[in-house]
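Asker:
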Amino acid sequence: MTAAVTVLAVAALAAGCGSADGREAKAGGSRDGAEGGFPVTVTDCDGRKTTFSTAPRKIVTSNAASLEMLLRLGVEDRIVGTGFPPGKGTLPGELDARAQRVPVLGKTVIPKEKLLGSGADLYIDTFASMGNMGGAATGPTETEFAAAGIKHVYLASTACAPRKKVPQRDLSAVEGDIRRLGQVTGTSSRALQLVAEMEKKVSGVRKAIADVPAEKRPSYFFFDFDAGTKQPVAVCNRQVANAVLTEAGARNVFADCAGDFQRVSWEDVVGKDPDWIQLGVRNRGSAAANEKAFGEAEQFLRTFPATAGLRAVKEGKFLRIGSERTTIAGVGNADTVRRIAATLYPDRLGGGEGTDGVAAGGAGR
35 MTAAVTVLAV AALAAGCGSA DGREAKAGGS RDGAEGGFPV TVTDCDGRKT
85 TFSTAPRKIV TSNAASLEML LRLGVEDRIV GTGFPPGKGT LPGELDARAQ
135 RVPVLGKTVI PKEKLLGSGA DLYIDTFASM GNMGGAATGP TETEFAAAGI
185 KHVYLASTAC APRKKVPQRD LSAVEGDIRR LGQVTGTSSR ALQLVAEMEK
235 KVSGVRKAIA DVPAEKRPSY FFFDFDAGTK QPVAVCNRQV ANAVLTEAGA
285 RNVFADCAGD FQRVSWEDVV GKDPDWIQLG VRNRGSAAAN EKAFGEAEQF
335 LRTFPATAGL RAVKEGKFLR IGSERTTIAG VGNADTVRRI AATLYPDRLG
385 GGEGTDGVAA GGAGR
(Lines of atoms letter the chains of each structure in order from A and count residues from 1; the text may use other names and numbers.)
(Lines give C-alpha, C1' and ligand atoms only; values in the text may rest on other atoms or scores of the structure.)
Protein backbone atom coordinates (compact mmCIF):
# COMPACT_ATOMS: atom_id res chain seq x y z
CA MET A 1 0.00 0.00 0.00
CA THR A 2 1.69 3.18 -1.15
CA ALA A 3 -0.60 5.76 0.42
CA ALA A 4 0.52 7.59 3.52
CA VAL A 5 -0.04 5.63 6.70
CA THR A 6 -2.46 7.24 9.13
CA VAL A 7 -1.52 6.23 12.65
CA LEU A 8 -3.28 6.64 15.95
CA ALA A 9 -1.32 9.63 17.20
CA VAL A 10 -2.83 12.91 18.28
CA ALA A 11 -1.90 15.98 16.29
CA ALA A 12 0.02 17.37 19.23
CA LEU A 13 2.72 14.83 18.41
CA ALA A 14 4.95 14.82 15.37
CA ALA A 15 4.85 11.55 13.46
CA GLY A 16 7.32 8.99 14.81
CA CYS A 17 8.12 11.15 17.82
CA GLY A 18 9.98 9.36 20.58
CA SER A 19 12.74 9.80 23.08
CA ALA A 20 16.30 8.65 22.64
CA ASP A 21 15.75 5.39 24.51
CA GLY A 22 12.89 4.35 22.24
CA ARG A 23 10.01 5.23 24.53
CA GLU A 24 7.16 6.87 22.66
CA ALA A 25 6.16 10.36 23.75
CA LYS A 26 2.71 10.36 25.33
CA ALA A 27 -0.20 12.23 23.83
CA GLY A 28 -0.80 15.61 25.36
CA GLY A 29 -3.64 18.08 25.12
CA SER A 30 -6.72 18.85 27.16
CA ARG A 31 -8.74 16.00 25.69
CA ASP A 32 -6.43 13.23 26.86
CA GLY A 33 -8.63 11.00 29.04
CA ALA A 34 -11.82 12.95 28.40
CA GLU A 35 -14.87 10.99 27.28
CA GLY A 36 -16.32 12.23 24.00
CA GLY A 37 -13.72 15.01 23.63
CA PHE A 38 -14.23 15.79 19.97
CA PRO A 39 -12.97 16.78 17.53
CA VAL A 40 -9.97 14.43 17.69
CA THR A 41 -7.18 14.75 15.15
CA VAL A 42 -4.79 11.93 14.30
CA THR A 43 -1.73 12.06 12.09
CA ASP A 44 -0.05 9.70 9.66
CA CYS A 45 3.60 8.71 9.52
CA ASP A 46 4.26 11.68 7.25
CA GLY A 47 2.42 14.18 9.44
CA ARG A 48 -0.83 14.36 7.44
CA LYS A 49 -3.92 14.88 9.58
CA THR A 50 -7.33 13.20 9.82
CA THR A 51 -10.02 14.68 12.05
CA PHE A 52 -12.91 12.89 13.75
CA SER A 53 -15.76 15.25 14.60
CA THR A 54 -17.67 12.42 16.29
CA ALA A 55 -16.93 8.86 17.34
CA PRO A 56 -17.17 6.35 14.47
CA ARG A 57 -20.30 4.20 14.49
CA LYS A 58 -19.30 1.40 12.11
CA ILE A 59 -15.77 0.05 12.38
CA VAL A 60 -13.93 -2.64 10.40
CA THR A 61 -10.63 -4.10 11.63
CA SER A 62 -7.94 -5.74 9.54
CA ASN A 63 -7.13 -8.44 12.09
CA ALA A 64 -7.29 -9.49 15.72
CA ALA A 65 -4.99 -6.78 17.07
CA SER A 66 -7.26 -3.77 16.69
CA LEU A 67 -10.31 -6.04 17.06
CA GLU A 68 -9.19 -7.09 20.54
CA MET A 69 -8.43 -3.49 21.52
CA LEU A 70 -11.93 -2.41 20.49
CA LEU A 71 -13.53 -5.32 22.36
CA ARG A 72 -11.61 -4.40 25.50
CA LEU A 73 -12.73 -0.79 25.07
CA GLY A 74 -16.33 -1.99 25.06
CA VAL A 75 -17.36 -0.87 21.57
CA GLU A 76 -18.18 -4.25 20.05
CA ASP A 77 -21.62 -2.96 19.04
CA ARG A 78 -19.83 -0.70 16.56
CA ILE A 79 -17.68 -3.39 14.93
CA VAL A 80 -19.26 -4.42 11.63
CA GLY A 81 -16.55 -6.79 10.43
CA THR A 82 -12.97 -7.99 10.47
CA GLY A 83 -10.35 -9.66 8.34
CA PHE A 84 -7.97 -12.36 9.59
CA PRO A 85 -10.52 -13.42 12.25
CA PRO A 86 -8.93 -14.77 15.43
CA GLY A 87 -9.15 -18.54 15.69
CA LYS A 88 -11.26 -19.96 18.47
CA GLY A 89 -9.29 -19.66 21.68
CA THR A 90 -6.90 -17.01 20.38
CA LEU A 91 -8.28 -14.31 22.65
CA PRO A 92 -8.45 -14.88 26.41
CA GLY A 93 -11.56 -15.57 28.45
CA GLU A 94 -14.88 -14.07 27.47
CA LEU A 95 -13.23 -11.95 24.78
CA ASP A 96 -13.02 -15.09 22.68
CA ALA A 97 -16.78 -15.61 22.47
CA ARG A 98 -17.32 -11.93 21.72
CA ALA A 99 -14.73 -12.03 18.94
CA GLN A 100 -16.38 -15.06 17.35
CA ARG A 101 -19.59 -13.07 16.95
CA VAL A 102 -17.95 -10.37 14.82
CA PRO A 103 -18.84 -10.74 11.11
CA VAL A 104 -15.94 -12.06 9.04
CA LEU A 105 -15.40 -10.00 5.89
CA GLY A 106 -12.33 -11.95 4.84
CA LYS A 107 -10.54 -15.01 6.17
CA THR A 108 -7.30 -13.21 5.29
CA VAL A 109 -7.09 -9.74 3.73
CA ILE A 110 -10.59 -8.32 3.24
CA PRO A 111 -11.42 -8.11 -0.49
CA LYS A 112 -11.24 -4.54 -1.70
CA GLU A 113 -14.84 -4.38 -2.94
CA LYS A 114 -16.22 -5.91 0.25
CA LEU A 115 -14.30 -3.46 2.43
CA LEU A 116 -15.40 -0.42 0.43
CA GLY A 117 -19.00 -1.64 0.47
CA SER A 118 -19.06 -2.52 4.16
CA GLY A 119 -20.73 0.72 5.21
CA ALA A 120 -17.92 1.38 7.67
CA ASP A 121 -16.89 4.89 8.63
CA LEU A 122 -13.54 3.71 10.05
CA TYR A 123 -11.09 1.01 8.98
CA ILE A 124 -8.20 0.14 11.30
CA ASP A 125 -5.11 -1.56 9.85
CA THR A 126 -2.49 -3.30 11.93
CA PHE A 127 0.32 -3.22 9.39
CA ALA A 128 1.21 -0.83 6.59
CA SER A 129 1.89 -3.80 4.33
CA MET A 130 -0.46 -6.74 3.85
CA GLY A 131 2.66 -8.86 3.33
CA ASN A 132 3.27 -8.66 7.07
CA MET A 133 -0.12 -10.26 7.61
CA GLY A 134 0.47 -13.11 5.20
CA GLY A 135 -1.60 -11.54 2.46
CA ALA A 136 -0.78 -10.38 -1.03
CA ALA A 137 -3.91 -8.45 -1.93
CA THR A 138 -3.83 -4.78 -2.84
CA GLY A 139 -6.13 -2.71 -0.66
CA PRO A 140 -8.09 0.40 -1.57
CA THR A 141 -6.28 3.65 -2.21
CA GLU A 142 -6.79 6.58 0.13
CA THR A 143 -8.87 8.22 -2.59
CA GLU A 144 -11.13 5.16 -2.73
CA PHE A 145 -11.45 5.10 1.05
CA ALA A 146 -12.45 8.76 1.05
CA ALA A 147 -15.00 8.24 -1.73
CA ALA A 148 -16.60 5.46 0.32
CA GLY A 149 -16.74 7.66 3.41
CA ILE A 150 -14.23 5.52 5.31
CA LYS A 151 -11.51 7.05 7.45
CA HIS A 152 -8.40 4.89 7.33
CA VAL A 153 -6.00 4.62 10.26
CA TYR A 154 -3.25 2.26 11.38
CA LEU A 155 -1.83 1.09 14.68
CA ALA A 156 1.34 3.14 15.13
CA SER A 157 3.15 0.44 17.12
CA THR A 158 3.15 -1.92 14.15
CA ALA A 159 2.48 0.16 11.03
CA CYS A 160 5.34 2.59 11.52
CA ALA A 161 7.75 0.09 13.05
CA PRO A 162 10.04 -0.31 10.01
CA ARG A 163 10.35 3.46 9.67
CA LYS A 164 11.27 4.24 13.25
CA LYS A 165 14.77 5.51 13.97
CA VAL A 166 14.96 3.81 17.35
CA PRO A 167 14.15 0.26 18.49
CA GLN A 168 11.00 -0.66 20.40
CA ARG A 169 12.27 -1.62 23.83
CA ASP A 170 9.08 -1.14 25.84
CA LEU A 171 5.32 -1.21 25.35
CA SER A 172 4.76 2.55 25.32
CA ALA A 173 3.87 2.55 21.61
CA VAL A 174 1.26 -0.17 22.16
CA GLU A 175 -0.11 1.72 25.15
CA GLY A 176 -0.25 4.83 22.98
CA ASP A 177 -2.36 3.00 20.41
CA ILE A 178 -4.80 1.93 23.12
CA ARG A 179 -5.08 5.43 24.57
CA ARG A 180 -5.63 7.00 21.18
CA LEU A 181 -8.16 4.40 20.08
CA GLY A 182 -9.92 5.38 23.27
CA GLN A 183 -9.85 9.01 22.17
CA VAL A 184 -11.17 8.21 18.69
CA THR A 185 -13.99 6.03 20.03
CA GLY A 186 -14.84 8.24 23.01
CA THR A 187 -13.78 5.62 25.56
CA SER A 188 -10.67 7.24 27.04
CA SER A 189 -11.45 6.32 30.64
CA ARG A 190 -11.52 2.63 29.80
CA ALA A 191 -8.37 2.99 27.68
CA LEU A 192 -6.48 4.59 30.54
CA GLN A 193 -7.62 1.79 32.84
CA LEU A 194 -6.31 -0.85 30.42
CA VAL A 195 -2.97 0.94 30.12
CA ALA A 196 -2.66 1.23 33.90
CA GLU A 197 -3.24 -2.53 34.24
CA MET A 198 -0.54 -3.22 31.64
CA GLU A 199 1.94 -0.92 33.33
CA LYS A 200 1.33 -2.55 36.71
CA LYS A 201 2.17 -6.01 35.31
CA VAL A 202 5.26 -4.86 33.45
CA SER A 203 6.57 -2.73 36.30
CA GLY A 204 6.42 -5.79 38.54
CA VAL A 205 8.71 -7.63 36.15
CA ARG A 206 11.07 -4.67 35.88
CA LYS A 207 11.44 -4.50 39.65
CA ALA A 208 12.03 -8.24 39.94
CA ILE A 209 14.91 -8.28 37.44
CA ALA A 210 16.25 -4.75 37.89
CA ASP A 211 19.59 -5.90 39.30
CA VAL A 212 20.31 -8.35 36.46
CA PRO A 213 22.91 -6.72 34.17
CA ALA A 214 21.96 -6.52 30.50
CA GLU A 215 24.87 -8.72 29.47
CA LYS A 216 23.79 -11.41 31.95
CA ARG A 217 20.24 -11.67 30.67
CA PRO A 218 19.52 -14.83 28.66
CA SER A 219 19.62 -14.71 24.87
CA TYR A 220 16.36 -15.54 23.15
CA PHE A 221 15.25 -16.59 19.66
CA PHE A 222 11.66 -16.20 18.53
CA PHE A 223 11.16 -19.12 16.10
CA ASP A 224 8.36 -18.16 13.70
CA PHE A 225 7.47 -21.72 12.74
CA ASP A 226 4.56 -20.74 10.50
CA ALA A 227 6.73 -18.38 8.45
CA GLY A 228 8.48 -21.45 7.07
CA THR A 229 11.48 -23.57 7.97
CA LYS A 230 13.49 -23.29 4.77
CA GLN A 231 14.67 -19.80 5.69
CA PRO A 232 13.84 -18.48 9.17
CA VAL A 233 12.27 -15.09 9.80
CA ALA A 234 13.73 -12.96 12.57
CA VAL A 235 11.82 -10.44 14.65
CA CYS A 236 13.96 -7.32 14.53
CA ASN A 237 14.31 -4.40 16.89
CA ARG A 238 11.41 -2.32 15.54
CA GLN A 239 8.88 -5.13 16.03
CA VAL A 240 6.55 -5.26 19.03
CA ALA A 241 8.09 -8.62 19.94
CA ASN A 242 11.41 -6.91 20.60
CA ALA A 243 9.69 -4.75 23.20
CA VAL A 244 8.02 -7.79 24.77
CA LEU A 245 11.30 -9.72 24.98
CA THR A 246 13.25 -6.76 26.31
CA GLU A 247 10.70 -6.02 29.04
CA ALA A 248 10.74 -9.72 29.98
CA GLY A 249 14.48 -9.58 30.60
CA ALA A 250 15.49 -11.48 27.47
CA ARG A 251 18.06 -10.47 24.85
CA ASN A 252 16.56 -10.82 21.39
CA VAL A 253 19.35 -12.47 19.40
CA PHE A 254 18.33 -10.41 16.36
CA ALA A 255 18.05 -7.09 18.15
CA ASP A 256 20.81 -5.80 15.88
CA CYS A 257 18.50 -6.07 12.87
CA ALA A 258 16.75 -2.76 12.07
CA GLY A 259 13.14 -3.09 10.95
CA ASP A 260 10.30 -5.37 11.99
CA PHE A 261 10.81 -8.74 10.28
CA GLN A 262 13.73 -10.00 8.21
CA ARG A 263 14.68 -13.23 6.50
CA VAL A 264 17.88 -14.65 7.95
CA SER A 265 19.75 -17.93 7.53
CA TRP A 266 20.00 -20.94 9.78
CA GLU A 267 23.72 -20.21 9.92
CA ASP A 268 22.81 -16.88 11.51
CA VAL A 269 20.69 -18.64 14.13
CA VAL A 270 23.43 -21.17 14.86
CA GLY A 271 25.89 -18.33 15.26
CA LYS A 272 23.66 -16.75 17.91
CA ASP A 273 23.25 -20.06 19.82
CA PRO A 274 20.37 -18.78 21.98
CA ASP A 275 19.79 -19.74 25.60
CA TRP A 276 16.03 -19.98 25.02
CA ILE A 277 13.78 -20.51 22.00
CA GLN A 278 10.15 -19.50 21.78
CA LEU A 279 8.10 -21.83 19.59
CA GLY A 280 5.99 -19.17 17.92
CA VAL A 281 3.06 -20.88 16.22
CA ARG A 282 -0.24 -19.30 15.26
CA ASN A 283 -3.40 -20.34 17.02
CA ARG A 284 -4.95 -23.47 15.50
CA GLY A 285 -8.35 -23.12 17.16
CA SER A 286 -8.05 -25.60 20.03
CA ALA A 287 -5.65 -26.57 22.79
CA ALA A 288 -5.09 -29.96 21.16
CA ALA A 289 -4.29 -28.44 17.78
CA ASN A 290 -1.96 -25.92 19.39
CA GLU A 291 -0.21 -28.70 21.30
CA LYS A 292 0.32 -30.57 18.05
CA ALA A 293 1.75 -27.49 16.31
CA PHE A 294 4.09 -26.72 19.20
CA GLY A 295 5.26 -30.32 19.11
CA GLU A 296 5.94 -30.13 15.39
CA ALA A 297 7.96 -26.94 15.83
CA GLU A 298 10.02 -28.49 18.61
CA GLN A 299 10.52 -31.71 16.68
CA PHE A 300 11.82 -29.75 13.71
CA LEU A 301 14.44 -28.01 15.83
CA ARG A 302 15.48 -31.29 17.47
CA THR A 303 15.90 -33.15 14.19
CA PHE A 304 17.09 -30.45 11.77
CA PRO A 305 20.89 -30.88 11.57
CA ALA A 306 21.60 -27.15 11.74
CA THR A 307 19.66 -26.64 14.98
CA ALA A 308 19.95 -29.98 16.78
CA GLY A 309 23.18 -28.88 18.45
CA LEU A 310 21.94 -25.52 19.70
CA ARG A 311 22.30 -25.05 23.45
CA ALA A 312 18.60 -24.32 23.93
CA VAL A 313 17.61 -27.39 21.93
CA LYS A 314 19.94 -29.75 23.77
CA GLU A 315 18.75 -28.41 27.13
CA GLY A 316 15.08 -28.39 26.14
CA LYS A 317 14.69 -24.68 26.85
CA PHE A 318 11.57 -24.01 24.81
CA LEU A 319 8.68 -21.66 25.50
CA ARG A 320 5.34 -22.56 23.95
CA ILE A 321 3.72 -19.18 23.47
CA GLY A 322 1.66 -18.34 20.40
CA SER A 323 2.89 -15.86 17.81
CA GLU A 324 -0.12 -13.59 18.18
CA ARG A 325 0.64 -13.02 21.86
CA THR A 326 4.10 -11.73 21.08
CA THR A 327 4.20 -10.08 17.65
CA ILE A 328 0.75 -8.45 17.54
CA ALA A 329 0.12 -5.27 19.55
CA GLY A 330 -2.39 -5.51 22.36
CA VAL A 331 -3.18 -5.47 26.05
CA GLY A 332 -2.05 -9.11 26.23
CA ASN A 333 1.55 -8.11 25.48
CA ALA A 334 1.94 -7.32 29.18
CA ASP A 335 0.80 -10.85 30.08
CA THR A 336 3.33 -12.28 27.64
CA VAL A 337 6.07 -10.22 29.27
CA ARG A 338 5.12 -11.74 32.62
CA ARG A 339 4.95 -15.28 31.25
CA ILE A 340 8.33 -15.12 29.54
CA ALA A 341 9.98 -13.50 32.55
CA ALA A 342 8.50 -16.10 34.91
CA THR A 343 10.11 -18.84 32.84
CA LEU A 344 13.49 -17.14 32.50
CA TYR A 345 13.61 -16.01 36.14
CA PRO A 346 11.60 -18.59 38.14
CA ASP A 347 13.38 -17.70 41.38
CA ARG A 348 12.29 -14.08 41.04
CA LEU A 349 8.82 -14.42 39.54
CA GLY A 350 7.45 -17.69 40.80
CA GLY A 351 8.33 -20.13 38.02
CA GLY A 352 7.42 -20.64 34.39
CA GLU A 353 3.79 -20.16 33.52
CA GLY A 354 2.17 -22.13 30.72
CA THR A 355 0.44 -20.43 27.84
CA ASP A 356 -1.99 -21.51 25.17
CA GLY A 357 -2.88 -24.53 27.26
CA VAL A 358 0.69 -25.83 27.33
CA ALA A 359 3.38 -25.42 29.98
CA ALA A 360 6.33 -23.29 28.96
CA GLY A 361 9.77 -24.79 28.68
CA GLY A 362 11.05 -28.09 29.92
CA ALA A 363 13.17 -30.81 28.40
CA GLY A 364 11.79 -33.96 26.90
CA ARG A 365 8.66 -32.34 25.52
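Just so we're aligned: the sequence shown equals residues 35 to 399 in this note's numbering. C-beta: ideal position from N, C-alpha, C; glycine also.
If we call anything under 8 Å between Cβ atoms a contact, is G183 one with S320?
Answerer: Going by C-beta atoms, G183 is not nearer than 8 Å to S320.
Asker: Using the three-state DSSP reduction, which class does A368 fall into: helix, strand or coil?
Answerer: helix
Asker: Just to confirm, is the Cβ distance from L205 to V239 under 8 Å?
Answerer: Contact annotation: L205 and V239 have beta-carbon atoms that are not nearer than 8 Å.
Asker: CB A375 to CB A282, shorter than 8 Å?
Answerer: yes
Asker: Express the C-alpha separation of V200 and D290 in angstroms, rounding to a whole number.
Answerer: 11 Å
Asker: Name the one or two DSSP bridge partners that A268 has.
Answerer: When beta bridges are read from the DSSP output, A268 appears opposite Q296.
Asker: Suppose you measure from the CA of L149 to the CA of P119; what does that come to, to the nearest Å?
Answerer: 14 Å
Asker: Let's see if you can read the secondary structure: which residues bound the alpha helix (DSSP H) around Q134?
Answerer: Taken as a continuous stretch (DSSP letters only), the alpha helix (DSSP H) holding Q134 covers E128 to Q134.
Asker: Assign I288 to one of three DSSP states: helix, strand, or coil.
Answerer: Rather than Ile, the amino acid found at residue 288 in this sequence is Phe. In this structure, F288 counts as coil in the three-state DSSP scheme.
Asker: What residue range does the beta strand (DSSP E) around Q312 cover?
Answerer: W310 to G314
Asker: So who's on the other strand from S253, going by DSSP bridges?
Answerer: R285
Asker: Can we say the stretch 291–304 touches the stretch 91–110, given the rule of at least three CB pairs closer than 8 Å?
Answerer: no
Asker: So, is T116 buried or exposed, given that buried needs 16 or more other C-beta atoms within 10 angstroms?
Answerer: T116 should be labelled buried.
Asker: Under 7 Å from any heavy atom of the ligand GDP, does the C-beta of R203 make it?
Answerer: This structure lacks the ligand GDP, and indeed carries no ligand of any kind.
Asker: To the nearest angstrom, report how far apart A363 and R135 are at their CA atoms.
Answerer: 21 Å
Asker: Taking the alpha-carbon positions, what's the E209 to V303 distance?
Answerer: Straight-line spacing of the CA atoms in E209 and V303 works out to 31 Å.
Asker: Between A342 and the rest of its own chain, which residues show a CB-CB distance below 7 Å, the 5 nearest in sequence each way excluded?
Answerer: R336
Asker: Counting Cβ pairs closer than 8 Å, one from the stretch 267–277 and one from the stretch 344–364, do we hit at least three?
Answerer: yes
Asker: Residues in its own chain within less than 8 Å of F179 by CB, not counting five upstream and five downstream?
Answerer: L150, Y157, K185 and H186
Asker: List the endpoints of the continuous beta strand (DSSP E) containing D78.
Answerer: V74 to D78
Asker: Exposed or buried, which one is E102 when buried takes at least 16 other CB atoms within 10 Å?
Answerer: buried
Asker: I'd like the span of the alpha helix (DSSP H) that includes G117, first residue to last.
Answerer: That residue, G117, is in no alpha helix (DSSP H); its beta strand (DSSP E) goes I113 to G117.
Asker: Does K235 come out as helix, strand or coil in the three-state DSSP assignment?
Answerer: helix
Asker: Using CA atoms only, rank isn't needed, just tell me which of A242, V315, K250 and T172 is closest to R354.
Answerer: V315
Asker: Leaving out the 5 sequence neighbours to the left and right, which residues in its chain are closer than 8 Å to K306 when beta-carbon positions are compared?
Answerer: Closer than 8 Å at Cβ, skipping near neighbours: S253, F255, V287 and F288.
Asker: Run the CB neighbour count on K326, radius 10 Å, all protein chains shown included, and call it buried at 16 or more, exposed below.
Answerer: Counting of Cβ neighbours within 10 angstroms places K326 among the exposed residues, the total staying below 16.
Asker: Do Y188 and D159 have their beta-carbon atoms positioned less than 8 Å apart in this structure?
Answerer: yes
Asker: Once you ignore the five residues that flank R251 on each side, which residues in its own chain have a CB closer than 6 Å to its CB?
Answerer: G283 and R285
Asker: Return the bridge partner residues of Q95 from the DSSP annotation.
Answerer: The question names Gln, but residue 95 is Thr in the sequence shown. T116 and I158.
Asker: Does DSSP classify E122 as helix, strand or coil?
Answerer: The residue you asked about is not Glu; residue 122 is Lys in the sequence shown. K122: coil per DSSP, three-state reduction.
Asker: Would you tell me roughly how many angstroms separate the C-alpha atoms of A59 and E233, rounded to the nearest one?
Answerer: Confidence at A59 is low in this model, with a pLDDT of 31, below 50, so the placement of that residue is unreliable and no value is reported for it.
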